[in-house]
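**Student:** This is the structure I want to talk about, given as structure tokens.
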Amino acid sequence: MNPSHSPHVADGLGLHFDRVRLPDSATATPLATLRPDSHLSLLPPSSIGMAEGRDWESWEELRLRELEEVRTRAAQMEKTMRWWSDCTANWREKWSKVRAERNRARDEVRQLRHCLDALTKELEVALPPSFSSLSSSSSSSKPLEGVELLDHEPVKDVGLEMPESCKVGSASVPYNTYSGRWLAKAHETRDGCLSDSLRCGPGWPLWDDMPTQADEAYRVSALQLRLGESQKVLLKERENKNLLVKNMEQLEAGLSHWKQKYEELNKSKQEAFEQLILLKELHQNELGRMSEDLEDELGARTSMDRKLAELRGEMERLQVENTQEWGRREQLETEKLALERENKKLRVQVEDLEEQLSRKQRQSATALDLDLKSIQSELFERNKELADMCHIHSKLKKQHHDKMAELAHANRRVEQHEAEVKKLRFRVDELKKELVQAEDELDEAHNQTRKLQRSLDEQVEHSENLQVQLDHLQSRLRHQQNSSFFGKKLRSLRFGSDHHPDGSPSDVDEEEEELQIHIT
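Each step along the sequence shown adds one to the number in UniProt numbering, with nothing skipped, and position 7 is 7.
Here's what the structure looks like:
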């Protein structure tokens with residue numbers, strides 16, 4: 001199809017499909033930015049993330065704009081298709097009406113022809129042979145000649161001459177059935193009268209048989225009566241002829257009118273057929289254009305779907321890589337937490353060792369040197385292990401920083417599509433922080449228990465020392481009591497019992513009270 005026939009249709013529909021196709025730059029930039037091994041990897045992570053975010057946003061805006069344009073064009077196409085369907089329905093209704101009128105006119109013409117044929121047949125049946133000969137002669141464009149009677153002048157008017165307007169041809173108008181029947185009866189009466197009058201002619205033998213004047217007078221009177229009757233019949237026939245002429249003129253006028261209508265209907269039918277053919281051609285041209293436009297739009301949509309499928313595959317691949325990076329990050333974080341936990345335990349052990357060392361220094365100086373050497377050797381080994389662990393931790397930290405940079409690079413590419421994942425991860429981080437805090441609290445509780453255990457050990461040692469001192473004091477007290485008891489007995493034996501009548505040794509009680517006070 002050549003779209004130059006109706007350029008306003010394409011402009012009205014808005015079917016500029018070159019806008020639907022994605023430009024090469026728009027399709028290439030997001031794929032280039034999504035590759036981790038592209039030239040953007042040479043830039044710092046923050047600039048890479050900003051550039052990728054801008055390219056991604058611009059590509060998304062371009063894609064949404066193109067989708068909106070495609071939707072608007074599809075809506076315009078639907079509107080135009082509906083308009084064309086309405087137009088075709090209106091044209092079909094119009095041409096159905098015209099076709100119905102044409103068929104109705106054809107039926108009327110057919111009925112009129114049937115009526116004409118029936119009337120002509122009735123007229124031929126009803127008319128006498130003389131009138132039928134007159135009609136046949138009028139069809140050959142010859143006037144009727146009068147019928148001459150023998151020797152009778154009054155009957156010469158019987159020869160009826162039909163005017164030119166009353167000629168019956170192939171296209172003449174039929175007579176009325178009622179007037180035809182009445183005309184047939186009139187002709188029968190006329191023929192009867194003529195036959196009677198002809199019988200009274202000169203060749204009839206009645207005239208020879210009546211020699212008298214009375215008979216002649218009687219015959220003249222009879223002939224006059226018959227002549228009057230025949231004149232009356234002729235007058236009636238003339239009146240009927242005039243009526244028939246008028247009816248013929250009216251029927252010819254109606255026939256000419258119907259002929260004009262029939263010609264007008266034929267002309268309108270031809271014009272309608274020509275317009276219908278033109279409209280069919282225009283409709284087929286428009287349908288061809290619209291089918292081509294629809295094929296172009298379908299091709300553009302298929303290309304768009306193909307590009308969207310490629311981009312979805314790229315997005316899925318990036319999401320898989322992101323999940324893998326997140327798994328590595330979580331492993332590194334768990335290793336980091338384990339190392340920090342081990343460092344805390346080592347610090348606590350160092351503190352315990354230092355406290356044990358100080359305690360042993362306070363207890364004994366001799367054991368302190370040996371313990372100090374062993375503790376120093378253990379501390380040296382622990383410090384060496386701690387240094388190795390710190391070195392390993394620094395390496396892991398560097399690796400962790402590198403991985404964190406890579407994770408940040410990957411995270412910036414997929415930030416807009418993982419809001420819920422971020423929320424969940426944020427919740428996991430909070431739980432991890434709470435876990436770390438709980439572990440810290442647990443470590444503090446362990447430290448407190450260790451401190452309490454150490455204080456308990458010190459209290460036990462102090463109680464043991466006090467128990468030893470108490471045993472020593474009790475032994476001294478018993479010894480003193482025994483010695484004082486024996487001395488008092490000796491004194492009592494020496495001095496008698498008059499000095500202490502109630503018999504309670506006061507010195508012994510005082511010493512016991514002093515000992516109890518000292519113990520408390």
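Yeah, the Cβ is synthetic: ideal placement off N, Cα and C, and Gly gets one too.
1) Just confirm the distance between the C-beta atoms of A410 and E330, as a whole number of angstroms; I'd bet it's less than 8 Å.
2) Based on Cα-Cα distance, which residue from R301, D429, L337 and S394 lies nearest to R71?
3) Exposed or buried, what is W83 when buried is set at 16 or more other beta-carbons lying within 10 Å of its beta-carbon?
4) Are V350 and L379 close, meaning C-beta to C-beta below 9 Å?
5) Using the Cβ count rule (16 or more neighbours within 10 Å means buried), how would you classify L456?
6) Looking only at its own chain, which residues have a Cβ that is under 8 Å from the Cβ of Q399, when we skip the five neighbours before and after it?
7) Apply the 10 Å Cβ neighbour rule to D86 and answer buried if 16 or more other Cβ atoms are within range, or exposed otherwise.
8) I'd like to know whether the C-beta atoms of R359 and E458 end up nearer to each other than 9 Å.
9) Identify whether H417 lies in helix, strand or coil by the three-state DSSP scheme.
10) Nearest to L116 by CA position, among E229, V98 and M248, is which residue?
11) Taking the straight line between their C-alpha atoms, what separation do you get for R341 and Q376?
12) To the nearest angstrom, report how far apart H257 and S221 are at their CA atoms.
13) Out of L442, L251, R289 and E271, which has the shortest C-alpha to C-alpha gap to L119?
14) What's the call for D215, buried or exposed, on a 16-neighbour Cβ count within 10 Å?
15) Quick check: what's the CA-CA separation for M404 versus T334?
16) Please determine, among W59, M81, K269 and D55, the residue with the shortest C-alpha to C-alpha distance to S291.
17) Just the C-alpha distance for M210 and Y218, rounded to the nearest angstrom, thanks.
18) Please name the residue, chosen from R328, Q361, S394 and D296, that lies closest to L339 on a Cα-to-Cα basis.
19) By a C-beta neighbour count over all protein chains shown, 10 Å radius and 16 as the cutoff for buried, is V233 buried or exposed?
20) Mind checking V230: buried by the 16 CB within 10 Å criterion, or exposed?
21) What does a CB cutoff of less than 6 Å around K345 pick up in its chain, not counting 5 residues either side in sequence?
22) Going by beta-carbon coordinates alone, are N343 and L386 separated by less than 9 Å?
23) So, at 7 Å on beta carbons, what are the nonlocal neighbours of L357 in its own chain, with the 5 sequence-adjacent residues on each side left out?
24) Whole angstroms is fine: what's the gap from H462's alpha carbon to R362's?
25) Rounded to whole angstroms, what's the CA-CA distance from S268 to K261? Just pull it up for me.
26) Report the rounded CA-to-CA distance for D296 versus T88, giving the unit in angstroms.
27) Tell whether a beta-carbon distance below 9 Å holds between R425 and W326.
28) So is K156 buried or exposed if we call it buried at 16+ other beta carbons inside 10 Å?
29) Name the residue from Q270, E381 and L452 whose alpha carbon lies nearest to the alpha carbon of E355.
30) Is there contact here, the region 88-101 with the region 269-285, by at least three beta-carbon pairs under 8 Å?
**Tutor:** This is what the structure gives:
1) Locating residue 410 in the sequence shown gives position 410, counting from the first residue. Locating residue 330 in the sequence shown gives position 330, counting from the first residue. With a Cβ gap of about 14 Å, A410 and E330 do not count as contacting.
2) Taking the sequence shown and counting its residues from 1, one reaches residue 71 at position 71. It is R301.
3) As a working note, residue 83 is residue 83 in the sequence shown. Exposed.
4) Residue 350 sits at position 350 when you count from the first residue of the sequence shown. Residue 379 sits at position 379 when you count from the first residue of the sequence shown. Yes. Within cutoff.
5) Here residue 456 refers to the residue found at position 456 when the sequence shown is read from its first residue. Per the 10 Å Cβ criterion, exposed.
6) Along the sequence shown, read from residue 1 onward, the residue named residue 399 stands at position 399. Taken in chain order, the residues that qualify are L332.
7) Taking the first residue of the sequence shown as 1, we reach residue 86 at position 86. Classification for D86: exposed.
8) To locate residue 359, count along the sequence shown from 1; it is residue 359. To locate residue 458, count along the sequence shown from 1; it is residue 458. In contact: R359 and E458 (Cβ atoms closer than 9 Å).
9) Mapped onto the sequence shown, residue 417 falls at position 417. Three-state result, H417: coil.
10) On the sequence shown, position 116 is the one that residue 116 refers to. Selected option, being the one with the closest Cα: M248.
11) Translated into the one-based positions of the sequence shown, residue 341 becomes position 341. Translated into the one-based positions of the sequence shown, residue 376 becomes position 376. One C-alpha to the other measures close to 23 Å.
12) Against the sequence shown, residue 257 aligns to sequence position 257. Against the sequence shown, residue 221 aligns to sequence position 221. Cα to Cα, H257 sits roughly 53 Å from S221.
13) The residue given as residue 119 occupies position 119 in the sequence shown. For L119, the nearest C-alpha among the options comes from L251.
14) Taking the first residue of the sequence shown as 1, we reach residue 215 at position 215. So D215 ends up on the exposed side.
15) Residue mapping note: residue 404 aligns to position 404 of the sequence shown, counting from 1. Residue mapping note: residue 334 aligns to position 334 of the sequence shown, counting from 1. Their Cα atoms are separated by approximately 14 Å.
16) Reading the sequence shown from its first residue, position 291 is the one you call residue 291. Measuring from the Cα of S291, the nearest candidate turns out to be M81.
17) Working through the sequence shown from its first residue, we reach residue 210 at position 210. Working through the sequence shown from its first residue, we reach residue 218 at position 218. In this predicted model, M210 has a pLDDT of only 43, less than 50, meaning its place in the structure is not dependable enough to derive any value.
18) As a first step, residue 339 must be located in the sequence shown, where it is residue number 339. Minimum Cα distance to L339 is reached at S394.
19) Residue mapping note: residue 233 aligns to position 233 of the sequence shown, counting from 1. When all chains shown are included, V233 counts as buried.
20) Within the sequence shown, the letter at position 230 stands for residue 230. In the sequence under discussion, the amino acid at residue 230 is Ser, which differs from the Val named in the question. S230 comes out buried.
21) Taking the sequence shown and counting its residues from 1, the one referred to as residue 345 is at position 345. Same-chain partners within the cutoff: there are none.
22) Your numbering for residue 343 matches position 343 in the sequence shown. Your numbering for residue 386 matches position 386 in the sequence shown. Cβ distance < 9 Å, so N343 and L386 count as in contact.
23) Reading the sequence shown from its first residue, position 357 is the one you call residue 357. Cβ within range, chain order: D371, L372 and I375.
24) Your numbering for residue 462 matches position 462 in the sequence shown. Your numbering for residue 362 matches position 362 in the sequence shown. Each residue's Cα considered, the two are about 13 Å apart.
25) Position 268 of the sequence shown, counting from 1, holds the residue named residue 268. Position 261 of the sequence shown, counting from 1, holds the residue named residue 261. Looking at the two C-alpha atoms, the distance is approximately 10 Å.
26) Numbered from 1 along the sequence shown, position 296 holds the residue referred to as residue 296. Numbered from 1 along the sequence shown, position 88 holds the residue referred to as residue 88. Looking at the two C-alpha atoms, the distance is approximately 25 Å.
27) Within the sequence shown, the letter at position 425 stands for residue 425. Within the sequence shown, the letter at position 326 stands for residue 326. Yes, Cβ-Cβ distance for R425 and W326 is below 9 Å.
28) Position 156 of the sequence shown, counted from the first residue, corresponds to residue 156. Residue placement at K156 is flagged as unreliable, the pLDDT there being 37, under the threshold of 50; a coordinate-derived value is accordingly withheld.
29) Residue mapping note: residue 355 aligns to position 355 of the sequence shown, counting from 1. Taking only the C-alpha atoms, the option nearest E355 is L452.
30) yes
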